[in-house]
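Data first, discussion second: the structure below is written as structure tokens.
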Amino acid sequence: MTPLSCAELNSMGRNISTPFYLSLSQVPKGQDILKIESILRLVPGRRLVALAQWNGKQVIAKLFFHARHFKRNMRRDLEGINQLIQSDIPTPALLMQGLMEDQRGGVLITEYLHHGTPLAVLFDNADSETTKDEVMSLAIKLIAQCHQSGICQSDIHLDNFMRWGERVYLLDGGGIVSEEGGLDSKARLQNLALFFAQFSIAGDEKITSLLQIYQNHTSVISDNDNAGFHEQVKLARRQRLSKFERKLFRSTSASGSERSIRKFCVYDRSIYSPELERFIENPDAYIKPENMLKKGNSSTVALVKIDDRDYVLKRYNIKNFWHGLSRSCRPSRAHHSWRNASVLEMLGIGTAHPYLFIEERLFWIFRRRAYFLCERVLGEDLGTQWKNANLINEQKENLVQDKFKEVADLFRQLFERMSDYRISHGDMKATNFIIRDKQLVVLDLDSMKRHKSLNTFQRSIEADLVRFQKNWINSSLELPVKNMCEQIEQYRAG
1 MTPLSCAELN SMGRNISTPF YLSLSQVPKG QDILKIESIL RLVPGRRLVA LAQWNGKQVI
61 AKLFFHARHF KRNMRRDLEG INQLIQSDIP TPALLMQGLM EDQRGGVLIT EYLHHGTPLA
121 VLFDNADSET TKDEVMSLAI KLIAQCHQSG ICQSDIHLDN FMRWGERVYL LDGGGIVSEE
181 GGLDSKARLQ NLALFFAQFS IAGDEKITSL LQIYQNHTSV ISDNDNAGFH EQVKLARRQR
241 LSKFERKLFR STSASGSERS IRKFCVYDRS IYSPELERFI ENPDAYIKPE NMLKKGNSST
301 VALVKIDDRD YVLKRYNIKN FWHGLSRSCR PSRAHHSWRN ASVLEMLGIG TAHPYLFIEE
361 RLFWIFRRRA YFLCERVLGE DLGTQWKNAN LINEQKENLV QDKFKEVADL FRQLFERMSD
421 YRISHGDMKA TNFIIRDKQL VVLDLDSMKR HKSLNTFQRS IEADLVRFQK NWINSSLELP
481 VKNMCEQIEQ YRAG
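Numbering (UniProt numbering), first residue to last: 1 to 494.
Rendered as structure tokens:
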């Protein structure tokens, strides 16, 4: 098989087939051929990490092939690896560094930790909270060791930690930052906040105990230093959300995008198939009269089946010429739904998983109708539940209020999280919420907004609370809901 060149790797984008071969420059004969077996990570046009065969053994190869900056990128990664080695931080051994034969790309070859498991995998597959806590503890201890050595990771996440035997190894030298004389408490806390910000809000209750584990391994941070640490985590998470939102509308490892003169589409790669391509080409063909959930002037909602799997499809209609003109140069409501559902998932707030959105385009730019495809969430919405419970029937008042207590904490938690991250929903009808497995699921997100301005957020969240209370007017729940909203106002004020 003919070895690939860096130009060919660049031209392939994400469509790089394995296995393939590369020729290496200025290395002994027999060590000049690198066989790439499978790609582990890929940033198109820049770099990839792969499982490979070299010099008769299985290794990890990191290829750098950016047309202009490959030397700089490789040098930064190499310096990070050397910093870890010099500081006695466990990291896979560096076996070779060099250039590809065409001199337009570089390669770092490191030891392959056979049967090693990333901490991210251990965390995701944990069957109990205790096991998750143990995984987090392993990461925190290694972070403390790095900080003691004056080292931190600028892109810190569990995928960069590998458990191999009884030790935890740090991967990826590219994100290593070192400070002569060690890290001060401010830098340490900022790095820890960045680490905790990657997890859902539900895990924040564990931060205090994990900080104690960190403090047991370093004496630099005192209780006074970490007094406002939870607010630091919230700030880091808001910054992470902003960065995350910018990636939602382009091709990544998680999602694909297609753009043409008449259409723009982003989809979850996990459901990609030939039938999905047919759906993208003509989504209206999948809307059947017998599966219609809503047939309105502004939107149409239907159950659709793709690859024998049920989804909910929402089509945002154009009501007339002037409505179409007003929508043509603004992001569609499907665009908003895709972004907002992704944000809620990142925060750990329950919602229907977003799978795809499509905008019909005229000459690439002008928007027409739009479509949003999401998970079908089984269950009765709260509006229907309360209606069926006959709330006004005083004989059932105690039963209804007992039932409300079960969900009041879920709504209180939702509003508190919305307050922490300046999110307003925009349509707090009871029909937009479902209880699934004792968790609240938030639906209908096309009016949801994450606010930069505190003033506009305050006005919007107050409107949300007012609309939420309207669901229960003249029912036995009117007073309990009012009391709950007052508690939320106190939380916001505090």
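We put the beta carbon where it would ideally sit given N, CA and C, even for glycine.
Predicted, not measured: the structure shown is a model, and the values here were computed from it.
Residue burial classification, residue i (beta-carbon count within 10 angstroms, cutoff 16)
{"i": "Ser476", "result": "buried"}
{"i": "Glu129", "result": "exposed"}
{"i": "Gln83", "result": "buried"}
{"i": "Ile473", "result": "exposed"}
{"i": "Ile428", "result": "The sequence as given places Met at residue 428; Ile does not occur at that position. So Met428 ends up on the buried side."}
{"i": "Glu359", "result": "buried"}
{"i": "Ala493", "result": "exposed"}
{"i": "residue 499", "result": "Look at the range of the chain in this structure, 1 to 494, and you will see that residue 499 is not part of it."}
{"i": "Gly296", "result": "exposed"}
{"i": "Gly379", "result": "exposed"}
{"i": "Lys438", "result": "exposed"}
{"i": "Gln153", "result": "buried"}
{"i": "residue 499", "result": "A question about residue 499 goes unanswered here, because the residues of the chain that appear run from 1 up to 494."}
{"i": "Met74", "result": "buried"}
Same chain, Cβ closer than 7 Å to residue i, neighbours up to 5 away in sequence not counted
{"i": "Ser299", "result": "Lys314, Arg315, Tyr316, Asn317"}
{"i": "Arg333", "result": "Tyr316, Ala370, Asp446"}
{"i": "Asp32", "result": "Ser23, Leu24"}
{"i": "Leu78", "result": "Gln97, Leu108, Gly173"}
{"i": "Arg269", "result": "Ala254, Ser255, Gly256"}
{"i": "Pro19", "result": "Lys35, Ile36, Glu37"}
Nonlocal neighbours in the same chain, by C-beta distance under 6 Å from residue i, ignoring five residues either side
{"i": "Leu445", "result": "Ser337, Asn340, Ala341"}
{"i": "His451", "result": "Arg422, Phe457"}
{"i": "Val442", "result": "Thr351"}
{"i": "Gly182", "result": "Gly150"}
{"i": "Phe264", "result": "Glu359, Arg361"}
{"i": "Ala236", "result": "Ala193, Leu194, Ala197"}
Check whether residue i and residue j have beta carbons under 8 Å apart
{"i": "Leu142", "j": "Phe161", "result": "yes"}
{"i": "Leu382", "j": "Ala352", "result": "no"}
{"i": "Arg47", "j": "Lys71", "result": "no"}
{"i": "Tyr21", "j": "Val59", "result": "no"}
{"i": "Leu344", "j": "Tyr355", "result": "no"}
{"i": "Ala120", "j": "Asp155", "result": "no"}
{"i": "Gly13", "j": "Phe64", "result": "no"}
{"i": "Phe229", "j": "Leu211", "result": "yes"}
{"i": "Gly56", "j": "Asn10", "result": "no"}
Helix, strand or coil at residue i [DSSP, three-state]
{"i": "Ser185", "result": "helix"}
{"i": "Glu180", "result": "coil"}
{"i": "Met428", "result": "coil"}
{"i": "Met136", "result": "helix"}
{"i": "Gly296", "result": "coil"}
{"i": "Met448", "result": "coil"}
{"i": "Pro354", "result": "strand"}
{"i": "Gln198", "result": "coil"}
{"i": "Tyr421", "result": "coil"}
{"i": "Ile280", "result": "helix"}
{"i": "Ile306", "result": "strand"}
Any non-hydrogen atom of the ligand ZN within 7 Å of residue i CB
{"i": "Leu158", "result": "In the structure on display, the ligand ZN does not appear, and there are no ligands present to speak of."}
Own chain, CB closer than 8 Å to residue i, minus 5 neighbours either side, in chain order
{"i": "residue 572", "result": "Here the chain comprises residues numbered 1 to 494, so residue 572 is not present and cannot be evaluated."}
{"i": "Leu479", "result": "none"}
{"i": "Tyr272", "result": "Gly256"}
**Prompt:** Considering only residues of the segment 60–120, which uninterrupted alpha helix (DSSP H) runs meet the minimum length of 4 residues and lie entirely inside it, listed in chain order?
**Reply:** For the segment 60–120, whole alpha helix (DSSP H) runs of length 4 or above, ordered along the chain, are 70–86.
**Request:** Within the segment 6–48, note down every full alpha helix (DSSP H) run reaching 4 residues or more, in order along the chain.
**Result:** Whole alpha helix (DSSP H) segments, 4+ residues: 6–12.
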